[in-house]
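To keep things clear, I will list the structure first and then write my remarks on it.
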Amino acid sequence: MVKMLTCVSVDSLCKLVKEQNSVPALTCLINAYRAACHNDSDGTHKSETFSKILMFMLHEAGAIFRKLLGISSSSLKKEAVLELKNSKKWLSLRLLIKSYLRSTLFLLNQVTDTEILTFSICRLRASIIFLAPFPSLLHRLLKISVHLWATGDQSLSSHSFLIIRDIASVFSSSCFDSCFVKTYKAFTSHSQFVERRLFEHIHFLRNSFVELCGLDVQKSSNKALICILHLAKILQKGWQTKKMELVKKICSWQYINCIDLWVAFISTNIPDYDLQPLLYMIVQIINGVALLFPGPRYLPLRLRCIQWLNRLSASSGVFIPVTSLVLDVLEYKITKDGGKPGKVLEPLSTIKFKNSCLSNTIFGLNSFSDVY
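Last residue of the sequence shown: 361 (this note's numbering), numbering continuous.
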């Protein structure tokens, strides 16, 4: 189909659609768009015809569908589409809309070019309400968006999160549940191994997840309770058995990032919501983690615990003692008496020091300012 069309014919079809609301012309463009998405899903096709079709459909499809169906350009309510399900207008456009959505999802799932992905998912937001009659396509979009949110670069990840947020806010309560579960699983999965260069991305994932929870804090707090209880059970087993496997699981980036996530959620929302049970539980977990790992090697982890407790105290207005933890940190020496100071490490960029670092490493000057 793309090969049969020329740039001139594509321009002509686009003009007919925009100026005369021509459904036959739109049908031709959507058929060409479907062929282009499937034949060039590797993102390597650079023909001018392909680019024109792709850009026009992605940029204009949402507005065109709204205009043909008589839906306001500002409406984000799924009811605007669902109320038209039995109308002649909808029945005449249903297959075209579904074809456009399926082709775009196929493109998102196959293409590797970051710019095309970012532009595509950004423009798809304008058509998101048209997914209401197609729950299977909506679930596919959520799955794709969560993956791109967790793995994409800053721009792609940000735009993917906007799709997730729209799905959670525009559609049913069960969609919010799906968004919560899928994003939390993606966060925990991608926070198992953290390098310094990935800290900023992990923090973005954390902050955007907390923003998602803000759409329904009450429901999120109920789910948070289950997640925090799971963390508490792991810690309890670690204390009871002291098995190496469990201890390693607790002193891992995945476990630490999960605590950090719920500290952020509680700190953000506790001024306006009753989250005292969550506050009590997370404080017990933090103190348990700090006491489970004594000694200078785990000073970075203990400093992180102090930071969490201070943040929770400041946001909740509840006094949470940290003096014993601070004094415990201050009593350790990190350099040998008379020895030359070694390289500077920032404790909050790691969980524990290597044994080889203990004798020739000093804290960065910002260590305690970061905590306080």
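Every residue, glycine too, gets a C-beta built ideally from N, C-alpha and C.
No experiment lies behind these values; they were computed from the predicted model shown.
When you compare only the Cα positions, how much space is there between residue i and residue j?
i, j, result
"Pro283", "Gln143", "37 Å"
"Val(-3)", "Phe45", "14 Å"
"Ile239", "Phe254", "20 Å"
"Asp31", "Pro289", "With a pLDDT of 47 at Asp31, under the threshold of 50, the predicted position of this residue should be treated as unreliable, and no value is reported."
"Lys222", "Ile275", "13 Å"
"Thr103", "Thr177", "24 Å"
"Asp0", "Leu47", "15 Å"
"Lys78", "Gln265", "52 Å"
"Leu126", "Ile133", "11 Å"
"Met(-7)", "Ala115", "29 Å"
"His128", "Thr312", "49 Å"
"Ile248", "His192", "13 Å"
"Ile105", "Leu131", "18 Å"
"Lys174", "Ser11", "45 Å"
"Leu5", "Ser88", "20 Å"
"Pro122", "Tyr244", "39 Å"
"Val206", "Ser81", "41 Å"
"Ser36", "Leu18", "16 Å"
"Thr33", "Thr101", "Residue placement at Thr33 cannot be trusted, given a pLDDT of 44 that sits under 50; what the coordinates show is reported in the next sentence. Distance between the alpha carbons of Thr33 and Thr101: 9 Å."
"Ala50", "Ile118", "12 Å"
"Gln99", "Asp263", "44 Å"
"Val252", "Leu281", "19 Å"
"Arg293", "His136", "29 Å"
"Val278", "Arg291", "8 Å"
"Cys3", "Thr16", "11 Å"
"Ala197", "Glu320", "Going by the sequence as given, residue 197 is Ser instead of Ala. Distance between the alpha carbons of Ser197 and Glu320 is about 38 Å."
"Phe268", "Val199", "Residue 268 is actually Leu in this sequence, not Phe. For Leu268 and Val199, the distance between alpha carbons rounds to 15 Å."
"Lys237", "Leu145", "33 Å"
"Met233", "Thr339", "20 Å"
"Lys7", "Lys56", "10 Å"
"Leu235", "Leu314", "23 Å"
"Leu224", "Gln273", "10 Å"
"Phe165", "Leu298", "30 Å"
"Leu73", "Pro310", "59 Å"
"Leu9", "Pro124", "Looking at the sequence shown, residue 9 is not Leu but Gln. Spanning the two alpha carbons is a distance of roughly 31 Å."
"Ile86", "Thr(-5)", "24 Å"
"Val318", "Ala69", "60 Å"
"Ala213", "Thr140", "24 Å"
Assign residue i to one of two classes, buried (16 or more other C-beta atoms within 10 Å of its C-beta) or exposed (fewer than that).
i, result
"Met270", "buried"
"Ser209", "buried"
"Ser370", "This structure cannot settle anything about residue 370, because the visible part of the chain is limited to -10 through 361."
"Ser64", "exposed"
"Asp261", "exposed"
"Thr230", "exposed"
"Gly328", "Any reading at Gly328 must be qualified, since the residue scores a pLDDT of 46, below 50, and its modelled position is unreliable; the value itself is stated next. With fewer than 16 other Cβ atoms within 10 Å, it is exposed."
"Gln296", "buried"
"Gly227", "buried"
"Thr38", "buried"
"Val170", "exposed"
"Leu316", "exposed"
"Asp364", "No answer is possible for residue 364: the residues shown for the chain start at -10 and end at 361."
"Phe54", "buried"
"Phe308", "exposed"
"Asn211", "exposed"
"Thr172", "buried"
"Asn246", "buried"
"Leu84", "exposed"
"Gly59", "exposed"
"Lys67", "buried"
"Leu71", "exposed"
"Ser180", "buried"
"Ser76", "exposed"
Pull up the CB-CB distance for residue i and residue j, whole angstroms please, since I reckon it's below 8 Å.
i, j, result
"Ala52", "Ser62", "6 Å"
"Leu204", "Ser158", "5 Å"
"Trp138", "Phe182", "Contact flag wrong, Cβ pair sits at about 18 Å."
"Arg300", "Lys341", "So it is not a contact: roughly 21 Å between Cβ atoms."
"Leu250", "Arg195", "5 Å"
"Ala14", "Ile42", "The pair is not a contact, with the Cβ atoms about 12 Å apart (cut-off 8 Å)."
"Leu97", "Ile153", "Wrong, their Cβ atoms sit about 13 Å apart, outside the cutoff."
Taking 6 Å as the cut-off, is the CB of residue i close to at least one heavy atom of the ligand HEM?
i, result
"Tyr173", "This structure does not include the ligand HEM; it has no bound ligands of any sort."
Meets three-Cβ-pair contact criterion under 8 Å: the segment 101 to 117 and the segment 146 to 154
The segment 101 to 117, when compared against the segment 146 to 154, does touch it at the 8 Å Cβ threshold.
Touching by the beta-carbon criterion (3+ pairs, under 8 Å), the segment 182 to 190 and the segment 213 to 220:
The segment 182 to 190, when compared against the segment 213 to 220, does not touch it at the 8 Å Cβ threshold.
Whole alpha helix (DSSP H) runs in the segment 109 to 187 with 4 or more residues, listed along the chain?
Secondary structure remark: continuous alpha helix (DSSP H) runs of at least 4 residues inside the segment 109 to 187, in chain order: 124 to 140, 143 to 159 and 162 to 179.
Would you call the segment 254 to 264 and the segment 297 to 308 in contact, with 3 or more CB pairs under 8 Å?
Short answer: they touch.
Would you call the segment 20 to 28 and the segment 86 to 94 touching, i.e. three or more CB-CB distances under 8 Å?
Contact holds: three or more Cβ-Cβ distances are below 8 Å.
Please go through the segment 244 to 290 and give each complete alpha helix (DSSP H) segment of 4 or more residues, from N-terminal end onward.
Correct list: 265 to 281.
Kindly provide the ranges of any alpha helix (DSSP H) runs that are 4 or more residues long and lie completely inside the segment 47 to 99, ordered along the chain.
Runs of the alpha helix (DSSP H) spanning 4 or more residues and lying entirely within the segment 47 to 99 occur at 68 to 71 and 77 to 99, in chain order.
Quick one: which unbroken alpha helix (DSSP H) runs of 4-plus residues sit fully inside the segment 191 to 238? Chain order, please.
Taking only runs of at least 4 residues, the alpha helix (DSSP H) segments lying wholly in the segment 191 to 238 are 206 to 230.
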